[in-house]
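Sequences listed follow chains E and H, in order.
When the first sequence is numbered by the numbering used here, its final residue is 463 and no position is left out of the sequence of numbers.
When the second sequence is numbered by the numbering used here, its final residue is 1463 and no position is left out of the sequence of numbers.
Glycine is no exception: its CB is placed at the ideal position from the N, C-alpha and C atoms.
Since the structure is predicted, the reported quantities are computational estimates derived from the model, not experimental observations.
Here is the structure we will look at, set down as structure tokens.
2 protein chains.
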Amino acid sequence: MSNTVQQIPELLYLLHKDPSELAAALSGMRAADVADALRQLPPDASGKLMAVLPFDLAVEVFDEPELAEYRCDIIAHMPDGTISALIDAMSSDRQADLFRELSHEARPRLLKQLDPVTQESLALLLKFPADTAAGIMTTEFVSMPATWTVAQALQNIRDVGRAKETVYAIYVLDPASQKLVHVVSLRQLMFAEQTTQLGDVGERRVPLSVAPRTDREDVARVISKYNLLAVPVVDDGGHVIGIVTVDDVIDALVREQTEDAQKFGGMEALDIPYTQIGFWGMIGKRAGWLTALFLGEMLTATAMGKFEGEIEKAVVLALFVPLIISSGGNSGSQATSLIIRALALRELTLKDWWRVALRELPTGLTLGVVLGSVGVIRILIWQSFGWYDYGVNFRLVALTVGCALVGVVTFGSMAGSMLPFLLKRLGFDPASASAPFVATLVDVTGLIIYFEVATAILRGSLL
Amino acid sequence: MSNTVQQIPELLYLLHKDPSELAAALSGMRAADVADALRQLPPDASGKLMAVLPFDLAVEVFDEPELAEYRCDIIAHMPDGTISALIDAMSSDRQADLFRELSHEARPRLLKQLDPVTQESLALLLKFPADTAAGIMTTEFVSMPATWTVAQALQNIRDVGRAKETVYAIYVLDPASQKLVHVVSLRQLMFAEQTTQLGDVGERRVPLSVAPRTDREDVARVISKYNLLAVPVVDDGGHVIGIVTVDDVIDALVREQTEDAQKFGGMEALDIPYTQIGFWGMIGKRAGWLTALFLGEMLTATAMGKFEGEIEKAVVLALFVPLIISSGGNSGSQATSLIIRALALRELTLKDWWRVALRELPTGLTLGVVLGSVGVIRILIWQSFGWYDYGVNFRLVALTVGCALVGVVTFGSMAGSMLPFLLKRLGFDPASASAPFVATLVDVTGLIIYFEVATAILRGSLL
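As structure tokens, then:
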């Protein structure tokens, strides 16, 4: 949407020549665009640039989630006094993100320089992992006792709202116990009578909330299902300890999506952008799974070894090995991607496995018959036109390939659809059932099916 | 989060016995939960239930995006008068969703019964495909002339805001041309002086907007990047024709995510949930790609045929065919999933292809050396312990397998990373570069690499 990248040489030139002129040029930009520019600059230049930005804009820029992996490098090039003021002014969820990434030496040093309120909020947030509700929540929310009137509430928002992440949801507390009893939207306040008490605005229902350790994907699901702008994080005692806003959820959704896509490709999730990860970091994320799959795939050599006699007698059988096992892998990959996604969307749960099995069996059979027919026709055509000679028993060879395809594709669909359930049942992430994982699983079995079918059909002729 | 599914028998019983009692029981529920229940009921029961729900709740329920695929079936079981009132009250983006799914006979019949304003808004929305900004926008937004004061604006929101999808963003228009000149948030209005003119509230910048035909994924990117609650859709003349809100964007993100996951699994995107699609619909989505991949994979039989002589002389070579080609496919699948995702997140653009190539070449080589070493060690161990006899030339066989793995894995990484760029360059969706697609591509080349390496190393000994 913006062409900040093209402005980089210009930025660097201005930064060198006249930092204050640069700051003036940038002050008209949106925070997200300045953040884009910072990601393109070397860290020392970014640090200098942050130091000359108008303070409010600098805070907004540092609040951008897109800057997550860069903040530590940037503050390493900023003067200490500027840093602590900046951090104090950031939203609490981003403060926690930053401290999670700081080195163990930098953390206590920087923490000491912060405002006591910030220190306390950080101590709370850092207790929770980054993929939980409390790990992505902010502690800056608006809460009021149920006995306040709408007029009092609106006045209070005008007084303290500037420092809050959102003023569009007001968390209404029991005046005595301070427990969450109701949630009122600013929209409802706008339409309510000035003298109504908050507890009586809108429909009174048990408020939607999440627990501190709720997985961020489930938080996203609640916000998306009920079309919320924010959801409160409530502890065991019924007290609101923070809120997760819809923009944090979008970031979480995009991150999860990236992780799942990479896992399905057969590797560990990268955690940082492809363009940013170092060479050995990349090798580390890929070599592990690749080697594990390779070790599994070695069983194909063992399986093939068992049928070495058959291959020697009928080399023609070997020709179709890649075709047959890959068809099993492909049908398995389809089934796996379908089931992983349906599980992630909660369209399916663990107990639906047998319904899926009953569905994939006829589906696999049908797909197998389609491919098997194509395979048989292929062999017959090649033989008739003299493009290849499969020997005098070419009809039996074609039959073998056709029947093996039906068996292998059916097995592929079944194995591919059951693997995510199995992984989930064993407590693993179903998304680990990658396309290569399924292919490996199906390859070994596919070989056995193929050679068993061949033995049955070709015994007495070729074998 | 809720256990509506368990309540279904109870719901059906109440619906049969006393519909009004049922309506009372449901009126305390949230719309999203009632929608969940409707999805589990047979369409005729859902239709009856909708008819007895309090009208406001019925509208909210029908506005739930989760009900998208069910609306047509449900209204087929509702009285015509109730339907038109319900549709008139729905938000305009959902009205358009519904009409897109209606049959060609039902569409004009229902359209005639609607309010003229609704008819006009539908005529506009239905001009655009469902995956564009205008296809997912709503026409119910708040706009005001720049000359109004904050006090006038707040009063206007109280007067007309109830009918609008969101009142948190106010679109400020030039009083003469009616063009969009500014966007003010309700939050800014809360903190502004009552007498300030809207044009002077907040910072004056060119407002962020999208064009009617902007892809919904790009709309999601703008909303997520700038942390917006809504983005205006502006036509060529500079007029706001609708807005896309953040909750629509979340739904769009989840849909795109599902489509991409299914495509990467090697099939067409399903469009409807796995649990809802019919048997032949499912076959249709899967058989096409599976057959296309099968036809491509047939080239492996041709390639193997070219080396039939080599296999006859050294059957031991056939044993490692699945191991070697699958390793290429796996490394290719990793690279493809990385690049598809980086392209989707705009971390990479088309012109970065050579940077990726320069990166994947050493990565592929390193991964190839890792797998090659494991492969060589595997053969030497099996031979030394007498678990398998690879013949007197087992050292040369091991060397062949090792070198072939380096070549095949390097080729796999390169092909896997370049394919998404190539597809994008040719105008296809890079997400079509599925794991099975890459595997097929790499299998044929992998075989040729393997047998060429074997010919070079084993000539004079085995071959």
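Alpha helix (DSSP H) containing residue i: first to last residue?
i               : result
S92 (chain E)   : 92-101
T1258 (chain H) : 1246-1264
T1214 (chain H) : Neither: T1214 (chain H) is in no alpha helix (DSSP H) and is coded neither H nor E.
L1114 (chain H) : Per DSSP, L1114 (chain H) belongs to no alpha helix (DSSP H) and is neither H nor E.
N1330 (chain H) : 1321-1344
G412 (chain E)  : 394-425
S20 (chain E)   : 19-26
I136 (chain E)  : 133-136
L462 (chain E)  : Segment: none, L462 (chain E) is in no alpha helix (DSSP H) and carries neither H nor E.
R1378 (chain H) : 1353-1384
K306 (chain E)  : 279-306
If we call anything under 8 Å between Cβ atoms a contact, is residue i one with residue j?
i               : j               : result
P1322 (chain H) : S333 (chain E)  : no
I1074 (chain H) : L1126 (chain H) : no
L173 (chain E)  : V181 (chain E)  : yes
P1043 (chain H) : H1077 (chain H) : yes
M1090 (chain H) : V1059 (chain H) : yes
Y428 (chain E)  : F1264 (chain H) : Reading off the sequence, residue 428 (chain E) comes out as Phe, not Tyr. No; because the gap between Cβ atoms is not below 8 Å, this pair is not in contact.
M1414 (chain H) : L1458 (chain H) : no
V406 (chain E)  : G460 (chain E)  : no
T291 (chain E)  : V1442 (chain H) : no
V1249 (chain H) : A1220 (chain H) : yes
V464 (chain E)  : S327 (chain E)  : The structure shown does not extend to residue 464 (chain E), since chain E spans only 1 to 463, so no value can be given for it.
G1266 (chain H) : N330 (chain E)  : yes
L32 (chain E)   : Y1013 (chain H) : For the record, residue 32 (chain E) in the displayed sequence is Ala; it is not Leu. No. Outside cutoff.
E1297 (chain H) : T1118 (chain H) : no
L1447 (chain H) : I1283 (chain H) : no
T464 (chain E)  : A454 (chain E)  : Outside the displayed range of chain E (1 to 463) lies residue 464 (chain E), so it cannot be described from this structure.
D36 (chain E)   : A68 (chain E)   : no
A51 (chain E)   : L15 (chain E)   : no
A1287 (chain H) : G1416 (chain H) : no
L53 (chain E)   : L11 (chain E)   : no
A464 (chain E)  : L462 (chain E)  : Since the first and last residues shown for chain E are 1 and 463, residue 464 (chain E) lies out of range.
Exposed or buried, what is residue i when buried is set at 16 or more other beta-carbons lying within 10 Å of its beta-carbon?
i               : result
W1387 (chain H) : exposed
N3 (chain E)    : Because N3 (chain E) sits at a pLDDT of 40, beneath the cut-off of 50, its placement in the model cannot be relied upon, and the following sentence gives the value as read from the coordinates. By the neighbour-count rule (16 or more Cβ atoms within 10 Å), N3 (chain E) is not buried but exposed.
I223 (chain E)  : buried
Q1006 (chain H) : With a pLDDT of 46 at Q1006 (chain H), under the threshold of 50, the predicted position of this residue should be treated as unreliable, though the coordinate-derived value follows. Burial call: exposed.
D1115 (chain H) : exposed
W542 (chain E)  : What the structure shows of chain E is the stretch from 1 to 463, and residue 542 (chain E) is not part of that stretch, so it cannot be assessed.
T258 (chain E)  : buried
P65 (chain E)   : buried
R1262 (chain H) : The identity of residue 1262 (chain H) in the sequence shown is Gln, whereas the question assumes Arg. Q1262 (chain H) is buried by the Cβ-count criterion.
I1381 (chain H) : exposed
K1351 (chain H) : exposed
F411 (chain E)  : buried
W1148 (chain H) : buried
S1020 (chain H) : exposed
S103 (chain E)  : exposed
I449 (chain E)  : buried
P430 (chain E)  : buried
D247 (chain E)  : buried
K1306 (chain H) : exposed
A1024 (chain H) : exposed
Check the DSSP bridge columns for residue i and list the partner residues they point to.
i               : result
L1180 (chain H) : H:L1173
S232 (chain E)  : Residue identity check: residue 232 (chain E) is Pro in the sequence provided, not Ser. Partner(s): E:I243.
Q1197 (chain H) : H:T1149
V210 (chain E)  : E:V233
S185 (chain E)  : E:A169
Can you give me the start and stop residues for the beta strand (DSSP E) that residue i sits inside?
i              : result
P145 (chain E) : 142-145
Quiz item: Between the segment 206-213 of chain E and the segment 221-237 of chain E, do at least 3 Cβ pairs fall closer than 8 Å?
Solution: Short answer: they touch.
Practice problem: Report yes or no: do the segment 1142-1151 of chain H and the segment 1163-1176 of chain H share at least 3 C-beta pairs separated by less than 8 Å? | Solution: Contact between the segment 1142-1151 of chain H and the segment 1163-1176 of chain H is present, because at least three Cβ pairs lie under 8 Å.
Quiz item: Taking three-plus beta-carbon pairs below 8 Å as touching, is the segment 1273-1283 of chain H in contact with the segment 336-350 of chain E?
Solution: The segment 1273-1283 of chain H, when compared against the segment 336-350 of chain E, does touch it at the 8 Å Cβ threshold.
Quiz item: Is the segment 1130-1137 of chain H touching the segment 1086-1101 of chain H in the sense that three or more CB pairs, one from each, lie closer than 8 Å?
Solution: Short answer: they touch.
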